[in-house]
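So the sequence shown is numbered by the numbering used here: it starts at 3 and just counts up by one.
Here's the structure we're looking at; comments come further down.
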Amino acid sequence: LHAASEALAGAARAGSLGTVTVERVNGAAALTSPFAPLLEGAGFHATPRGLRLRA
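What follows is the structure, encoded as C-alpha coordinates:
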(Lines of atoms letter the chains of each structure in order from A and count residues from 1; the text may use other names and numbers.)
(Lines give C-alpha, C1' and ligand atoms only; values in the text may rest on other atoms or scores of the structure.)
Protein backbone atom coordinates (compact mmCIF):
# COMPACT_ATOMS: atom_id res chain seq x y z
CA LEU A 1 0.00 0.00 0.00
CA HIS A 2 2.95 2.31 0.58
CA ALA A 3 3.95 2.10 -3.09
CA ALA A 4 0.35 2.72 -4.18
CA SER A 5 -0.01 5.83 -2.00
CA GLU A 6 3.29 7.18 -3.33
CA ALA A 7 2.19 6.50 -6.94
CA LEU A 8 -1.15 8.25 -6.36
CA ALA A 9 0.61 11.24 -4.83
CA GLY A 10 3.11 11.33 -7.70
CA ALA A 11 0.33 11.33 -10.30
CA ALA A 12 -1.44 14.17 -8.50
CA ARG A 13 1.75 16.22 -8.26
CA ALA A 14 2.48 15.62 -11.95
CA GLY A 15 -0.87 17.19 -12.78
CA SER A 16 -2.42 13.97 -14.05
CA LEU A 17 -5.16 13.97 -11.43
CA GLY A 18 -5.55 17.48 -10.04
CA THR A 19 -6.70 17.53 -6.42
CA VAL A 20 -7.25 14.10 -4.87
CA THR A 21 -9.36 13.56 -1.74
CA VAL A 22 -9.55 10.13 -0.13
CA GLU A 23 -12.72 10.01 1.95
CA ARG A 24 -12.95 6.28 2.70
CA VAL A 25 -10.53 3.36 2.87
CA ASN A 26 -12.02 -0.15 2.94
CA GLY A 27 -15.37 1.33 4.00
CA ALA A 28 -13.95 3.31 6.94
CA ALA A 29 -13.38 7.05 7.19
CA ALA A 30 -9.95 7.83 5.79
CA LEU A 31 -9.06 10.07 8.71
CA THR A 32 -9.43 7.23 11.22
CA SER A 33 -8.21 4.44 8.96
CA PRO A 34 -5.05 2.57 9.92
CA PHE A 35 -3.83 3.57 6.43
CA ALA A 36 -4.04 7.32 7.15
CA PRO A 37 -0.36 7.55 8.20
CA LEU A 38 0.72 6.05 4.86
CA LEU A 39 -1.29 8.65 2.94
CA GLU A 40 -0.03 11.45 5.16
CA GLY A 41 3.52 10.21 4.62
CA ALA A 42 2.93 10.52 0.88
CA GLY A 43 1.91 14.17 1.31
CA PHE A 44 -1.84 14.03 1.93
CA HIS A 45 -3.25 16.47 4.52
CA ALA A 46 -6.28 16.08 6.77
CA THR A 47 -9.39 18.07 5.85
CA PRO A 48 -12.96 17.81 7.14
CA ARG A 49 -13.84 15.57 4.14
CA GLY A 50 -10.83 13.25 4.33
CA LEU A 51 -7.19 13.24 3.29
CA ARG A 52 -6.38 15.62 0.42
CA LEU A 53 -3.46 16.19 -1.90
CA ARG A 54 -3.40 19.17 -4.22
CA ALA A 55 -1.52 19.08 -7.51
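Every residue, glycine too, gets a C-beta built ideally from N, C-alpha and C.
In whole angstroms, what separates the C-alpha of residue i from that of residue j?
i   : j   : result
H47 : V27 : 15 Å
L3  : R54 : 17 Å
F37 : A5  : 12 Å
R15 : P39 : 19 Å
S18 : G43 : 20 Å
Going by alpha carbons, who is nearest to residue i out of the options?
i   : options            : result
E8  : S18, A16, L41, G20 : L41
R56 : T21, A5, L33, P50  : T21
P50 : P39, T34, G43      : T34
Taking residue i and residue j to be in contact with their CB atoms under 8 Å, please state how far apart those CB atoms are, rounded to whole angstroms.
i   : j   : result
A45 : A11 : Reading off the sequence, residue 45 comes out as Gly, not Ala. With 8 Å as the limit, G45 and A11 qualify as a contact, their Cβ atoms being about 5 Å apart.
V24 : A32 : 5 Å
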